[in-house]
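**Student:** Okay, handing you the structure first.
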Amino acid sequence: MPDPKFDLWHGVNRKDIEWYPRVDEEKCKGSGICVTSCGRRVFRYDYRRRKAKVVYPYNCMVGCQTCGSLCPEGAISFPGGREKVQQIVAQWDILSRVKEELEARREDLEFKEE
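All residue numbers for the sequence shown refer to numbering that gives the first Met the number 0, where the first residue is 0 and numbers rise by one.
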């Protein structure tokens, strides 16, 4: 099920951002590493066909490509790679949003020498 905690990415509605994995059915050999490695539960596994399926694309973290990096068959792709992510960051002015978030969460995120 889609997880509402992933509905926004730095204040932007996640469904307004085209970033999610696609599985090439021809290349997918069913290793399942994408399914078991994705902490956001984007994938499910079709046990009958032995294939990974993208079921909840908007749970995917914008910019994450871990599943694609891990796939031994290279069956997972993203729209535009790094260039697309940089375009999204610029389009939505994500860096200023991040600066505001860093200040708002300073107590929680600040590095302190121990």
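Where is the CB? At the ideal position from N, CA and C, for every residue including glycine.
The structure presented is a predicted model; accordingly, all values stated were derived computationally and were not measured.
1. Taking E72 as the reference, which of L7, K50 and P56 has the closest Cα?
2. How would you label V97, buried or exposed, when you count the other beta carbons within 10 angstroms and need 16 or more for buried?
3. Would you say C37 and C70 are within 8 Å of each other, going by their C-beta atoms?
4. Roughly how many whole angstroms lie between the Cα atoms of Q62 and C27?
5. If I'm right that E100 touches H9 with Cβ under 8 Å, what's the distance once you round it to whole angstroms?
**Tutor:** Here's the rundown:
1. It is K50 whose Cα lies nearest to the Cα of E72.
2. Under a 10 Å Cβ-count criterion, V97 is classified as exposed, with fewer than 16 other Cβ atoms of the shown protein chains found around its own Cβ.
3. Not closer than 8 Å, so no.
4. It should be noted that the sequence gives Gly, not Gln, for residue 62. Rounded to whole angstroms, G62 and C27 show a C-alpha spacing of 22 Å.
5. Going by Cβ atoms, the distance from E100 to H9 rounds to 7 Å, so yes, they are a contact pair.
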